[in-house]
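Here is the structure:
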């Protein structure tokens with residue numbers, strides 16, 4: 009019984025550390041995504057919101073993949089397989105986030121800066137489970 013308690017506390021501590029690292033990584037990736045979006049929106053007079061949305065998303069993707077693989081999940085699995093898996097899931101995220109951005113901005117008339125922030129929060133909510141279960145296993 010004592011061994012189970014020790015094991016549970018140890019695993020809980022490891023989960024807390026990993027979740028903390030995931031949140032830090034997500035925060036950094038989100039900051040790169042959001043700040044590059046702001047620069048692109050204000051520096052370039054682009055007609056479509058999808059161009060800065062897609063470019064900034066890809067910049068955040070690079071930060072996210074690298075830090076999640078090396079620091080959060082300390083993955084030793086095949087980087088090629090993980091990159092493919094992560095890319096497929098990120099592409100789904102990109103399509104969904106572009107659809108939500110379009111809905112917020114073009115349908116509801118929400119400011120694109122606010123819409124981008126809301127989209128980043130929504131993507132973060134589903135990423136931990138998906139990426140921890142599918143992308144960064146040590147297979």
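In our numbering, the protein residues as written are 9 to 147.
Built from N, CA and C at the ideal position, the CB exists for glycine as well.
Values in this document were obtained by computation on a predicted structure and should not be read as measured data.
Legend entry - Backbone CA spacing between residue 79 and residue 29 [nearest angstrom]: 7 Å
Legend entry - Cβ pair residue 75, residue 33 closer than 9 Å: With a cutoff of 9 Å on beta-carbon distance, residue 75 and residue 33 are scored as near each other.
Legend entry - Burial state of residue 122 (16 or more Cβ within 10 Å): exposed
Inset, instruction - Starting from the C-beta of residue 65, find all residues in its chain whose C-beta is less than 7 Å away, skip the five residues before and the five after it, and write them out in chain order. - result: 41, 102 and 105
Inset, instruction - Compute the Euclidean distance between the alpha carbons of residue 118 and residue 45, then round it to the nearest angstrom. - result: 16 Å
Inset, instruction - Could you have a look at residue 60 and say whether DSSP puts it in helix, strand or coil? - result: In the three-state scheme derived from DSSP, where H, G and I count as helix and E and B as strand, residue 60 is classed as helix.
Inset, instruction - Mark residue 56 as exposed unless 16 or more other C-beta atoms lie within 10 angstroms of its C-beta, in which case mark it buried. - result: exposed
Inset, instruction - Confirm, please, whether the CB-CB distance from residue 107 to residue 69 is below 9 Å. - result: Cβ distance not < 9 Å, so residue 69 and residue 107 don't count as in contact.
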